Structure formats: structure tokens, C-alpha cells
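Structure first, commentary second.
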């Protein structure tokens, strides 16, 4: 599930134009993708500051239940914060 959601994030936030999109959509483990940090093979942190992300954060991001920190500052994001983001603790 987390790989699908990270792939969705890539497409919805214009990943082909990111400053760094190392390993996204490759055969590499998603825990090795740029900006992704995992604990016990579960995504815990997403940090992609100043990476030329543009668009709206997909609502599905709340389904990465292991996510503890999301840092996407200094990009061109717009729209509403996905519902239930406050449930990520």
C-alpha cells in the first residue's frame, strides 16, 4: 500500500519535474527513494523541502499509517490539507 501511495504522490505532485526524484518508480525498495525514511520497512518520514513539487497532496497519504512526519515546505503545493491528516501521529 505505501509504495502505491508514494507512486500516487509522485504522479499527483508532478514528479517528473522534481529537482530530485531518485529511485522513484524503479524496482528499488521505496524506503530508498528520495525523501523517504522508514522504520522497520514502514514509511515514517517524508521530507521533500524545496524539491519543485507542485499540485495537491493526495488524500490517500493518510493511509500510510506509519507516517509520523511530513515536511513538504518551499514547494508549489495548493488545495486543502487531506482530511484525517491529524490522525497521523
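Numbering (this note's numbering), first residue to last: 1 to 89.
Beta carbons are placed, not taken as given, at the ideal position from N, Cα and C, and that holds for glycine.
Predicted, not measured: the structure shown is a model, and the values here were computed from it.
Taken through DSSP and simplified to helix, strand or coil, residue 79 comes out as coil. For the set 44, 78, 40 and 45, the Cα lying nearest the Cα of residue 12 is the one of 78. Here residue 62 carries a helix assignment [DSSP, helix/strand/coil].
With respect to residue 67, residue 49 sits apart: the two C-beta atoms are not nearer than 9 Å. The DSSP assignment places 2-12 as complete runs of the alpha helix (DSSP H) inside the segment 2-33, in order along the chain (cut-off: 4 residues). For residue 56, there is no enclosing beta strand (DSSP E), as DSSP marks it with neither H nor E. Residue pairing from DSSP places residue 39 in a beta bridge opposite 42. For residue 62, same chain residues with a beta-carbon under 8 Å away, outside a window of 5 residues either side, are 82, 83, 84, 85, 87 and 88 in chain order. A straight line joining the alpha-carbon of residue 46 with that of residue 55 spans about 16 Å.
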